[in-house]
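The structure appears right after this line, and notes come after that.
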Amino acid sequence: MEDIINKYLEDTATDSEKKELLAWLRNRENRKAFFFHRSVWEKRLGGSRIPAAGGETWQRIQSGLLERSCEGWQKSRRLTQFLRYAAIFFFLTTLGFSMLWIVQGRHSGNETETRVMADQGQISRAGLPDGTQVWINSGSAISYDGDFGIKNREVRLTGEAYFEAQKGNRHPLVVNCGELLVRVTGTRFNVSALPGSPNIEVVLEEGSVELLREQNATFHYTLKPGEMASFDLTRKKMTVTTVNTRRITSWKEGIINIYDQTLEEVVLKLRSRYNQEFVVDPGVKEYHYTFSISKESLQEIIALIEKITPVKAVQEGNVITFGPKKQGPGRGK
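Under the working numbering, the first residue of the sequence shown carries the number 404, and numbering increases by one thereafter.
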């Protein structure tokens with residue numbers, strides 16, 4: 404198999420050899436071996452880029468696996484995979500027809516970076532080289548370096564993702580959200596670091612996680628299953644509460660649970676779900692809502708918001724603005 408791997412990395416493998424490699428890579432331990440071999444190969448070449456043609460070949464091989472219909476909350480879309488360089492091996496399943504972009508680029512220096520992005524309005528699932536499974540919420544992205552699993556297991560997150568981390572690795576998995584680090588050894592947890600949100604939230608379903616900050620050596624929290632940590636980005640303060648984790652993690656099955664959240668918080672989820680820009684008038688942003696979204700259209704959700712609170716939605720161009728109705732103020736739920 405080593406000869407075939409070398410041929411693949413050199414872009415000289417035959418079609419039959421590529422198919423044989425694909426079958427071999429279905430095994431998690433084999434994928435680890437491949438990434439290690441690739442790392443050695445790159446260093447031997449002094450950090451040269453892997454030929455792009457190999458990625459195009461991989462895309463063609465994978466297309467039959469990825470373009471599978473699955474009933475869900477979003478209308479069917481053609482599943483698209485974009486691989487810029489070779490040697491990116493993710494085995495993916497989808498919720499709805501997810502559009503997932505996988506890009507391998509280059510940092511300064513000799514390190515490569517793999518970035519996985521879920522398109523707006525979609526949910527995707529990806530497997531990391533160590534076997535960790537990640538559900539990536541719409542409009543979100545994860546990235547990691549080429550030495551993932553060798554020197555460390557650090558993943559950078561923008562947006563929201565749910566992790567099922569593999570145990571038994573000498574390096575703990577670390578999810579880097581910029582202001583907050585989530586360190587685990589083997590567990591199930593959700594991290595939400597949505598752009599525009601005033602908080603970073605971590606919810607633990609199983610196992611144990613540590614919350615750290617590079618900027619503050621004394622900052623250290625350990626979560627237990629059923630707890631949610633909310634880090635205030637302005638005050639740099641952490642609060643820990645007991646929650647129904649299912650209400651928070653059900654988004655990976657296409658269900659969004661809104662529980663006693665302000666309109667300002669609700670529109671963050673609507674923006675991600677429906678790929679729609681919103682503006683919230685200060686006079687209505689503190690109304691609270693509790694409801695669930697499954698297969699409802701955006702128009703149905705807006706109608707519900709207008710029904711249960713004295714709020715009016717007006718669309719101008721590509722932006723929907725929530726403002727007060729002309730009649731007197733009411734109460735939100």
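Note that beta-carbon positions come from the ideal geometry of N, C-alpha and C, so glycine has one too. Predicted model, so just to flag it, every value in this text is computed and none were measured.
Length at least 3, wholly inside the segment 677 to 716: the beta strand (DSSP E) runs in chain order: As far as the segment 677 to 716 is concerned, its whole beta strand (DSSP E) runs of at least 3 residues are 680 to 683 and 691 to 696.
Residue span of the beta strand (DSSP E) that contains alanine 632, given as start and end: Counting along the chain, the beta strand (DSSP E) containing alanine 632 begins and ends at 630 to 635.
Same chain, Cβ closer than 6 Å to serine 595, five either side skipped, listed in chain order: Glu563 and Glu604
Contact under 8 Å by Cβ, threonine 590 with glycine 610: yes
Let me see if you follow: with CB-CB separation under 8 Å, is alanine 716 close to chain D or not? Absent here is chain D; the protein component of the structure consists of one chain.
Could you give the distance in angstroms between the alpha-carbon of serine 419 and the alpha-carbon of aspartate 406? Computed Cα separation, rounded: 13 Å.
Alpha helix (DSSP H) runs wholly inside the segment 529 to 606, at least 4 long, in chain order: none
Who are the Cβ neighbours of valine 675 in its own chain at under 6 Å, not counting the five residues just before and after it? For the record, residue 675 in the displayed sequence is serine; it is not valine. These residues qualify, in order along the chain: Ser541 and Gly542.
Glutamine 664 versus Gln679, Val687 and Gln536, residue with shortest Cα-Cα distance: Nearest C-alpha to glutamine 664: Val687.
Quick one: Cα of phenylalanine 622 to Cα of serine 600, how far? Cα to Cα, phenylalanine 622 sits roughly 21 Å from serine 600.
Cα-Cα separation between glutamate 423 and tyrosine 411, rounded to whole angstroms: 11 Å
Does the segment 718 to 730 come close enough to the segment 666 to 683 to have 3 or more Cβ pairs within less than 8 Å? yes
If distances are taken between C-alpha atoms only, which option among Ser546, Gly524, Ile526 and Ala716 comes closest to threonine 515? The option with the nearest alpha carbon to threonine 515 is Ser546.
Throw me the rounded Cβ distance for the glutamate 617 and threonine 648 pair, which I believe falls under 8 Å. No, glutamate 617 and threonine 648 are not in contact; Cβ-Cβ is about 27 Å, not under 8 Å.
Proximity of valine 537 and phenylalanine 566 at Cβ, strictly below 8 Å: yes
Tell me which same chain residues have a C-beta within less than 8 Å of the C-beta of lysine 627, skipping the five on either side of it? Leu607 and Ser611
Quick check on the burial criterion: 16 or more other C-beta atoms within 10 angstroms. Buried or exposed for glycine 581? exposed
Among Leu615, Gly720, Glu719 and Thr712, whose alpha-carbon lies nearest the alpha-carbon of lysine 729? Closest by alpha carbon: Thr712.
Under the rule that 16 or more other beta-carbon atoms within 10 Å means buried, what is glutamine 718, buried or exposed? Looking at its Cβ environment, which holds fewer than 16 other Cβ atoms inside 10 Å, glutamine 718 is exposed.
Using DSSP's beta-bridge definition, name the partner residues of lysine 640. The secondary-structure analysis by DSSP pairs lysine 640 across a beta bridge with Asp635.
Using a threshold of 8 Å, state whether the C-beta atoms of valine 577 and leucine 614 are closer than that. no
Spatial neighbours of valine 646 in its chain, beta-carbon cut-off 8 Å, leaving aside the 5 residues before and after: Val606, Gly629, Glu630 and Met631
Tell me isoleucine 651's beta-bridge partners as DSSP assigns them. Paired residue(s): none; isoleucine 651 is not in a bridge.
Between which two residues does the beta strand (DSSP E) harbouring alanine 620 extend? Here the beta strand (DSSP E) through alanine 620 covers 619 to 626.
DSSP state of leucine 428, grouped into three classes? coil
Helix, strand or coil for isoleucine 408? Go by DSSP, reduced to three states. helix
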